[in-house]
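Engineer: In our numbering, the protein residues as written are 5 to 91. Sending over a structure as structure tokens; questions will come in a sec.
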Amino acid sequence: MIRLLLFGTSGCHLCEQGEQIINDCFPNNVDVTIETIDIAEQEQWQEQYAIRIPVLYHPESKDELGWPFDQTHVKEFILIALQNSAP
Numbered sequence: 005m006i007r008l009l010l011f012g013t014s015g016c017h018l019c020e021q022g023e024q025i026i027n028d029c030f031p032n033n034v035d036v037t038i039e040t041i042d043i044a045e046q047e048q049w050q051e052q053y054a055i056r057i058p059v060l061y062h063p064e065s066k067d068e069l070g071w072p073f074d075q076t077h078v079k080e081f082i083l084i085a086l087q088n089s090a091p
């Protein structure tokens, strides 16, 4: 299983679009967990991601996929994350 973080904030229409693109990439049976993180909760997240959200982040490899992205980009990002994940 792979764990990803999706950095965004409430009321962000690009974040909503990004989340929909990500959700459309995977059927429910895929072992990918995506945790939504509101950057407003921590100042460091605001500083790092404010002008880049939404950002998909793989904590294990520290890889990031920033907006704009489409389904092809998300699927490639997931494949790379799977390759970089510990067994």
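All C-beta atoms in this analysis are idealised placements derived from N, C-alpha and C, irrespective of residue type, glycine included.
#1: Select from A44, Q75, F11, A85 the residue whose C-alpha is nearest the C-alpha of H62.
#2: Excluding the five sequence neighbours on either side, which residues of its own chain have a C-beta within less than 8 Å of the C-beta of C16, listed in chain order?
#3: Provide the residue(s) that pair with F11 in DSSP beta bridges, ordered along the chain.
#4: Give the secondary structure of E68 by DSSP, where H, G and I count as helix, E and B as strand, and everything else as coil.
#5: Taking 9 Å as the cut-off, decide whether the C-beta atoms of L10 and I38 are in contact.
#6: Quick one: residues in its chain with C-beta nearer than 8 Å to the C-beta of I26, no 5 flanking neighbours on either side, listed in chain order?
#7: Just curious, the alpha helix (DSSP H) that F30 is in, first and last residue?
Structural biologist: In this structure, then:
#1: Per the Cα distances, A85.
#2: The answer, listed in chain order, is I57, P58.
#3: F11 pairs with I41, V59.
#4: In the structure shown, E68 sits in a strand (DSSP, three-state: E or B).
#5: The answer is yes: Cβ separation under 9 Å.
#6: Correct list, in chain order: L10, I38, L60, V78.
#7: Looking at the DSSP string, F30 is not in any alpha helix (DSSP H), and its letter there is neither H nor E.
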